[in-house]
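Presented below is the structure to which this report refers.
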Amino acid sequence: MIEIEGLQKTFSAGDNPTAALKDVSLSIKQGEIFGIIGRSGAGKSTLVRCINLLERPSAGRISVNGREISSLSGAALREARREIGMIFQHFNLLSSRTVFDNVAFPLELAGRSKAEIAREVTPLLDLVGLTDKRDRYPSELSGGQKQRVGIARALASKPAVLLCDEATSALDPETTKSILALLRDINRKLGLTIVLITHEMPVIKEICDRVAVLDQGSVVEQGTVFEIFTAPQAEITRRFVSDVIDRPLPSMLIERLQATPLTQGNVVLRIVFTGPTANSPIISEVVQRYGVLLNILQGNVEYIQGAPYGNIVVEAVGQPQAVQEVIDHIRDNNLRVEVLGHVADAHRAVA
Amino acid sequence: MSPMLIGLLLDGLKETIFMVGISAGLAALAGVPLGVVLVVTGNGQILQNKPINRILGAVVNATRSTPFIILLIAIIPVTRLIVGSSIGTAAATVPLTIAATPFVARLAESSLREVDAGLVEAAEAMGASPWQIVTKVLLPEAWPGIVAGITITVVSLIGYSAMAGAVGGGGLGDLGIRYGYQRFQPEVMLAVVVVLIVLVQAVQSAGDLIARRLNKKVPRGKA
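Taken in sequence, the protein lines are chains P and H.
Each residue of the first sequence is one higher than the last, beginning at 1 in UniProt numbering.
Each residue of the second sequence is one higher than the last, beginning at 1 in UniProt numbering.
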């Protein structure tokens, strides 16, 4: 649906040009929700704005829906842009137009008749749940309602692709959720391909199918959201992911944690369950088989794209030999296990 | 107040309204498009064009820096060419229009510049042509500011028209000078000033009302 090849963008501010994008290549499939995450200044906004040529690439090729975009200009470009909807962080609604007239705007630009416009706009207002606000002005709406108008407006020209430029960054978490749910709904109902850029990992986790991580103008990692969350490779990705799913260890535990084994101590393990194994009762299995007691210190199970991702921290109480066997057994079952450290046994009554 | 004085005041008022009305109308018709051109040809704008922008900017500045009383006399040949005479109320509208046009253009320009660049970008993303951006985004969004600018222009023109009166244009200012100053009738001058105050007040209130009606940025009920 969207093919980006060797995209480069250099901004020349005075004598020292800055490279915003360095050789970015991406392939976005029909009907998917593709996320692009990066910190501010990573170049993600420039990247998404290159897709509809609001920003002209310095080098590289972009094609949308089989049409080469990067070589277009004038009327041909305007025509191609009608197939690419866009929503913005600050909504960019016309303050002098009502909700209805804002949604009608792209149809008006395309020279459609009044009757046609009325026929197209009404179901769109219904879709985004703003039928009762049709004659209101943007200044009378909340942030979430404004973004709904933005979405309806972007859909009016029946685009094949919807670009979301930090579309939820100005909204509170609850409103963000409802807007994301609406986007997911539209993606399913209309089969619309969505490209979403954000600096918020929860947004990616909530609705994206695949994600690319952008850092300093380059794609450092890409894959399905599940892959990125459960096995992040790049350092920056790890940091993004840990914001969402790795809860920091409780400070009480960190204080007790030591790097070397203790004579009268227990091992603290982090066990990560991903995919199908997350459902097998591995914990009770090792407890029974090796006689090691596992005292759960922290744990949570997240569902990413419907697949479970568990992350628990346990204190293993037992003979060192047996504990090692437990670790091996868990590894043999394709789970990740990591020794976090050692703690003195607070409860051990018998040696 | 004598009936004669009232008659004089009414005539003066009519002449002032005629001069100011015509020249403000023409200045708005010419100045608003000029302001649009100044904005869209600016750096980084939709129809960036440095030479045009520089030349128009220079012409606007030159006109605005010429004192009105000098402009009034300097363009007498032009006035004669357009109205056929350099004396009279109709003749006074030519210099008034020429003085007010760049004034409207600058005020319109500043209102147009205040339109959020994001709106222009959104329209571009939806496939709007430069003409559509001007007529459907920039002008509608800037209207309240432009109307406020035209109101300021009308008020300034009322002041300038007193000077135009001095070259045979008539109007309230002229009346005040001829009777009040040259014939030692200060009560006439006072009456003229009172009428002018009321006129300016009325223009300003009407302009404010229209601008407020047009402005949808403030929620209804709070305006």
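C-beta atoms are modelled at their ideal positions from N, C-alpha and C, and glycine is treated no differently.
Remember, predicted model here, so these are calculated numbers, not experimental data.
query = How many angstroms separate the CA atom of Leu54(P) from the CA atom of Ala128(H)?
reply = 12 Å
query = Does DSSP classify His342(P) as helix, strand or coil?
reply = strand
ask   = Looking only at DSSP bridge pairs, what is Gln222(P) linked to?
value = Note: Gln222(P) sits in a beta bridge opposite Ala212(P).
query = Quick one, are the C-beta atoms of Val39(H) and Glu121(H) less than 8 Å apart?
reply = no
inquiry  = What does the Cβ neighbour count give for Leu243(P), buried or exposed, with the cut at 16 atoms within 10 Å?
reply    = Checking the sequence shown, residue 243(P) turns out to be Asp, not Leu. That one is exposed.
query = Using a C-beta cutoff of 8 Å, does Trp131(H) count as contacting chain P?
reply = no
message = Output needed for Ala105(H): all residues of its chain with C-beta closer than 7 Å, excluding positions within five of it in sequence on either side, in chain order.
response = Gly31, Leu34, Gly35, Leu38 and Val60
ask   = With a CB to CB cut of under 7 Å and the five nearest residues on each side skipped, what residues in its chain are close to His90(P)?
value = Ala170
ask   = Shorter than 8 Å from the beta carbon of Ala122(H) to some beta carbon of chain P?
value = yes
key: Nearest neighbour of Lys136(H), chosen from Thr151(H), Phe18(H), Val154(H) and Val115(H) [CA to CA]   = Val115(H)
task = Kindly identify the DSSP beta-bridge partner or partners of Leu196(P).
result = Gly35(P) and Cys164(P)
ask   = When you compare each of Phe103(H), Val218(H), Glu187(H) and Leu112(H) to Ile46(H) by their alpha carbons, which one comes out closest?
value = Of the listed residues, the one whose Cα sits closest to Ile46(H) is Leu112(H).
task = Consider the Cβ of Phe100(P): report whether some Cβ of chain H lies at a distance smaller than 8 Å.
result = no
message = Need the endpoints of the beta strand (DSSP E) that Pro144(H) sits in, please.
response = Per DSSP, Pro144(H) is not a residue of any beta strand (DSSP E); the alpha helix (DSSP H) it occupies stretches across Leu139 to Ala164.
query = Which chain A residues are close to Asn65(P), counting only those with a beta carbon under 9 Å from its beta carbon?
reply = The displayed structure is made up of protein chains P and H, and chain A is not among them.
message = Could you check whether the Cβ of Ile283(P) sits closer than 7 Å to any heavy atom belonging to the ligand NAD?
response = This structure lacks the ligand NAD, and indeed carries no ligand of any kind.
request  = Leaving aside the five residues before and after Ile304(P) along the sequence, list all residues of the same chain whose C-beta is less than 7 Å from its C-beta, in chain order.
outcome  = Lys205, Val225, Phe226 and Phe229
key: Strand pairing of Val64(P), partner residues [DSSP]   = Ile2(P) and Arg67(P)
task = Quick one: list the residues of chain H neighbouring residue 354(P), beta-carbon separation under 9 Å, in chain order.
result = The requested residue 354(P) does not occur in the structure, where chain P is confined to residues 1 to 351.
ask   = From Val314(P) to Val211(P), what does the alpha carbon distance come to, in whole angstroms?
value = 31 Å
ask   = Going by DSSP, which residues form a beta bridge with Gly299(P)?
value = Ile312(P)
inquiry  = Given a cut-off of 8 Å on the beta-carbon distance, is the pair Leu182(P) and Val219(P) in contact?
reply    = The answer is no: Cβ separation not under 8 Å.
query = Closest Cβ-Cβ distance between Glu114(H) and chain P: below 8 Å?
reply = Taking 8 Å as the CB threshold, Glu114(H) stays off the interface with chain P.
query = Quick one: does Met86(P) have its CB under 8 Å from some CB of chain H?
reply = yes
message = If the criterion is Cβ atoms closer than 8 Å, does the pair Gly191(P) and Gly31(P) meet it?
response = yes
inquiry  = Am I right that residue 363(P) and Gly144(P) are in contact with their C-beta atoms under 8 Å? What's the rounded C-beta distance?
reply    = The structure shown does not extend to residue 363(P), since chain P is modelled only from 1 through 351, so no value can be given for it.
Status (buried if at least 16 other CB within 10 Å, exposed otherwise) for Gln147(P) = buried
query = Roughly how many angstroms separate the alpha carbons of Arg56(P) and Ile62(P), rounded to a whole number?
reply = The alpha-carbon atoms of Arg56(P) and Ile62(P) are separated by roughly 11 Å.
query = Would you call the region 147 to 162 of chain H and the region 11 to 25 of chain H in contact, with 3 or more CB pairs under 8 Å?
reply = The region 147 to 162 of chain H makes contact with the region 11 to 25 of chain H, as at least three CB pairs between them are under 8 Å.
request  = Just confirm the distance between the C-beta atoms of Thr46(P) and Ala20(P), as a whole number of angstroms; I'd bet it's less than 8 Å.
outcome  = Thr46(P) to Ala20(P), Cβ: 4 Å. Contact.
key: Within chain P, partners of residue 287(H) - CB distance below 7 Å   = Only positions 1 to 223 of chain H appear in the structure, and residue 287(H) is not among them; the question remains open.
task = Find the nearest neighbour of Arg247(P) within the set Leu141(P), Gly60(P) and Gly310(P), judged by alpha-carbon distance.
result = Gly310(P)
request  = Please determine, among Leu269(P), Glu5(P) and Asp172(P), the residue with the shortest C-alpha to C-alpha distance to Ala316(P).
outcome  = Leu269(P)
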